[in-house]
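Below you'll find the structure, written out as structure tokens, and then a few comments.
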Amino acid sequence: MLEIVFKDGSKKEFSESIEVREIFRKLGVKNACAGKLDKKLVDLRTQVNFDCKLEPVYFDSLEGKKVYWHTASHILAQAVKNEFKYSKLAIGPAIDNGFYYDFDLKSNLNKEDLSKLENEVNKIIKENLKIERFVMKYDEAVKFFEEKNENYKLEILSENLNKEEHVSFYKQGEFAELCSGPHLLSTGEVGCIKLLNSTGAYWRGNSKNKMLKRIYGISFQNKKQLKEYLENLEEAKKRDHNKLGRELEFFTTVDYIGQGLPILMPKGTKVMQILQRFVEDEEEKRGYLLTKTPLLAKKDLYEISGHWDHYRDGMFVINSDDKNKDVLALRPMTCPFQFQVYLNRSRSYRDLPMKLNETSTLFRNEASGEMHGLIRVRQFTLSEGHIACTPEQLEKEFTDCLDLANFMLEKLGLKDDVFYRLSKWDENNKEKYIGDSEEWENVQNKMRDILDKFDLKYEEVDGEAAFYGPKLDIQIKNVHGKEDTLITIQIDFQLAKRFDMQYVDINNQRQYPYVIHRTSLGCYERTLALLIEKYAGALPLWLSPEQVRILILNESLYEKSKKLKLKLGENKIRVFIDNRNEKIGYKIRQAQLDKIPYMLILGEKELEKNSISVRHREKGDLKSMKIEEFINLINKELSC
RNA sequence: GCUAUUGUAGCUCAAUAGGUAGAGCAGCUGAUUCGUAAUCAGCAGGUAGUCGGUUCGAAUCCGAUCAAUAGCUCCA
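Here full-length UniProt numbering is used: the first sequence runs in plain steps of one and ends on residue 640.
Encoded structure:
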């Protein structure tokens, strides 16, 4: 006898081992694509032969979608095998927004190939082939792939630790694929597949390996859902800062200036100035002292910090082949410079914590393919800061940094869009880092302890640390779903030693402080980019480079509008008049119009009543009001 | 850096098979004063990203290079 408990708490007994799908059938559960057995995702074909908890998984959950998408990726692999005789299979997982499959192909894939494959894929769905699971002995599986000359599959197999265990396969029609599942029961259940694009991707994600062809796709249960998804995708792309930011004249690029070196136009610069003032003021309130340090230094400095050995590829080096001149490098980080403030004289524990901030321009020689609008550039400005503190102060200071970061996110309205990541070192790749294992484990544990005291969900990722210490990274996704670090808070236990930064403790002993590297708002270019995407260009009032546009309907009102502008300007409201050359005109491009929070209309009607008509970009027409009333309205909105 | 795609006026896009560049919007000038993008008339804008090659002739074909886009790798 076995007892199965369901999500609603109900129980059912079965006399013998039974398949998940059979259980669901008996219970009348329909449309489940997999099961969750004691919290583990399992195939509908799984035999249950012990007491357990079980619940159905459907397409409406991400886990469920991934089952569909994984099956879709197998169908794609089958289609590619049908269409390209010499193709070899690599891997094809489901991802958060669909699936991909990597192939080794002799030829490139163009659009026609992709649509041909799409037809083939949907043909396989229509055929509604039964998908069966079977197992093979390890040796048989090796032989199976050797015959097919599938060297990537063989490589995966060779890493199978337990060669005694059977290897799991899934088969549909003639196509069999190494896979641990779970999968749907037939190809027809997938619904419809759209192949989105094809790109290159390195085998095993290693740039030293061969580049394979990757095809991305998505599938839905029906065409309506697919259409909706594709439309949403198009909508999201309209918010792309790289397009919108240029259209709205926040920034531009010039080919002969170079990659990753955007020109910030007046609007973009205004927003960055607002952000920068906001950040510096807030940091000052929180006890930071502002510094301004050089943008470049002799390589000697970087040799001490370790950048010369661990970060040289990322730096712009000057005079490297002139023996008569000092070799200099533009700074990729501010830490070694700002440390000199600490080192200016001897420090006691009474000086700590020492909190320094800087609005620092940095230069990083990113590889040519990495640049992306304002999100990834070669010169950028960071809201940077460093805190030197005693071990006892570390927790409080770290907590304060996190609080500051969250405060900033809250103010920008990005709080719900971010996720947290504890970025650790890679212990299999020690040469990338400075310091020994014990120190790393020690600090990482410390960081984890602090994080666990917060009500904060975070994931841990190996190999994402800085070379000098672990990081708390606050991540965000752009409109393309690509993840980037917005804010980072790092604990460093190495650089103080390298720079011989000491303090004298209460027992008159010399000690090294901990250093926290942190940003409060990340880099301004990137933050601006994400704000444009978040708000589709219609930034909140306090961040809008143009808060008010005055529209005059009669040339004779021009002088009056100038006075109005002056008056609003005195109240620190950013206002523009909609005409150039002192001529009337109420032709405003709609695209720009709905980005401006308020529009004031000034015409004969208003003149008579000595008032203005106000239009809000979202609320539409507001009642006409006196200028003072409008100023109050804006101030009220700004204060909350 | 790698795999692809793209590059024609400020923007969006045209031009049968290589035959010597055209339209809308924006801009400018003038008229119009018309209540929320697109009134009328006129003008001006391009050595086709750049450099080289093939050809009698190249926006179109080839090569190199620069830049942009998506993805990989890398990273704030």
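All C-beta atoms, glycine included, are put in the ideal place defined by N, C-alpha and C.
Candidates the options, of which the one nearest residue i by Cα
{"i": "N507", "options": "Y349, K26, K111 and K153", "result": "Y349"}
{"i": "D8", "options": "S611, S186, K285 and P56", "result": "P56"}
{"i": "F144", "options": "A176, N610 and G258", "result": "A176"}
{"i": "E132", "options": "L275, G173 and K111", "result": "G173"}
{"i": "K126", "options": "R347, A79, D38 and N149", "result": "A79"}
{"i": "L76", "options": "R214, F24 and K111", "result": "R214"}
{"i": "E303", "options": "Y558, K11 and F499", "result": "F499"}
{"i": "R286", "options": "M354, A367, I257 and L343", "result": "M354"}
{"i": "E283", "options": "E384, Y202 and H70", "result": "E384"}
{"i": "S107", "options": "S198, K39, L184 and S639", "result": "S198"}
{"i": "S10", "options": "N206, N149, L54 and N31", "result": "L54"}
{"i": "E234", "options": "H480, H307, R526 and P513", "result": "H480"}
{"i": "R615", "options": "E604, L404 and F630", "result": "F630"}
{"i": "V67", "options": "L184, E165, R239 and N206", "result": "L184"}
{"i": "W308", "options": "N160, L328, M599 and N151", "result": "L328"}
{"i": "Q276", "options": "D455, R312 and C523", "result": "C523"}
{"i": "E628", "options": "F407, I612 and L638", "result": "I612"}
{"i": "P294", "options": "K88, E608 and R331", "result": "R331"}
{"i": "V317", "options": "R518, K299, D43 and L178", "result": "K299"}
{"i": "E165", "options": "L539, S305, N442 and D139", "result": "D139"}
{"i": "M1", "options": "K30, V20, Y535 and N49", "result": "N49"}
{"i": "E533", "options": "K595, R617 and I489", "result": "K595"}
{"i": "K626", "options": "L607, N149, N319 and K85", "result": "L607"}
Close Cβ partners of residue i (< 6 angstroms) along its chain, the five nearest in sequence each way excluded
{"i": "S168", "result": "V135 and S180"}
{"i": "L248", "result": "G537"}
{"i": "K415", "result": "L409"}
{"i": "G620", "result": "none"}
{"i": "K267", "result": "E249, F250 and P545"}
{"i": "H310", "result": "F467"}
{"i": "I156", "result": "none"}
{"i": "L301", "result": "P336"}
{"i": "R21", "result": "L44"}
One or two residues paired with residue i in a DSSP bridge
{"i": "D492", "result": "V515"}
{"i": "I387", "result": "K355 and I516"}
{"i": "A466", "result": "G469"}
{"i": "A297", "result": "A329"}
{"i": "F363", "result": "Q379"}
{"i": "L422", "result": "E460 and L472"}
{"i": "D484", "result": "I476"}
{"i": "K171", "result": "E132 and A176"}
{"i": "Y598", "result": "V548 and H616"}
{"i": "C523", "result": "L382"}
{"i": "D621", "result": "R615"}
{"i": "H372", "result": "R376"}
{"i": "Y503", "result": "R347 and Q511"}
{"i": "F576", "result": "R549"}
{"i": "I631", "result": "According to DSSP, which records beta bridges pairwise, I631 is partnered with nothing at all."}
Cβ-Cβ separation, residue j to residue i (assumed contact under 8 angstroms), whole Å
{"i": "S219", "j": "A72", "result": "4 angstroms"}
{"i": "I434", "j": "Q494", "result": "5 angstroms"}
{"i": "S561", "j": "I573", "result": "14 angstroms between Cβ atoms; not a contact."}
{"i": "M333", "j": "L362", "result": "6 angstroms"}
{"i": "L352", "j": "T390", "result": "5 angstroms"}
{"i": "P470", "j": "Q511", "result": "With a Cβ gap of about 21 angstroms, P470 and Q511 do not count as contacting."}
{"i": "I550", "j": "K565", "result": "6 angstroms"}
{"i": "L412", "j": "L541", "result": "The Cβ separation is near 13 angstroms, so there is no contact."}
{"i": "A90", "j": "D102", "result": "4 angstroms"}
{"i": "I375", "j": "N478", "result": "6 angstroms"}
{"i": "L196", "j": "G98", "result": "7 angstroms"}
{"i": "R45", "j": "E19", "result": "6 angstroms"}
Neighbourhood of residue i by C-beta distance below 8 angstroms, restricted to the same chain and skipping five residues each side
{"i": "T252", "result": "R246, P262, I263 and M265"}
{"i": "Q475", "result": "V418, F419, Y420, R421, E483, D484, T485 and L486"}
{"i": "N429", "result": "G463"}
{"i": "I124", "result": "I75, Q78, A79, Q172, G173 and T187"}
Same chain only: Cβ atoms within 7 angstroms of residue i, ignoring 5 sequence neighbours per side
{"i": "T291", "result": "Q338, V341, L356 and E358"}
{"i": "G373", "result": "H241, N242, G245 and A529"}
{"i": "N128", "result": "S186, T187 and G188"}
{"i": "C52", "result": "I4, L37 and D38"}
{"i": "K116", "result": "E83"}
{"i": "E397", "result": "P353, I387, C389 and I516"}
What residue ranges within the UniProt domain "TGS" (1-58) form continuous alpha helix (DSSP H) runs of no fewer than 4 residues, ordered along the chain?
20-27
Just to confirm the assignment: which complete alpha helix (DSSP H) runs, minimum length 4, are found wholly within the stretch 186-272?
223-238 and 241-247
Return the chain-ordered ranges of every alpha helix (DSSP H) run that is complete within the stretch 86-149 and spans a minimum of 4 residues.
111-127 and 138-148
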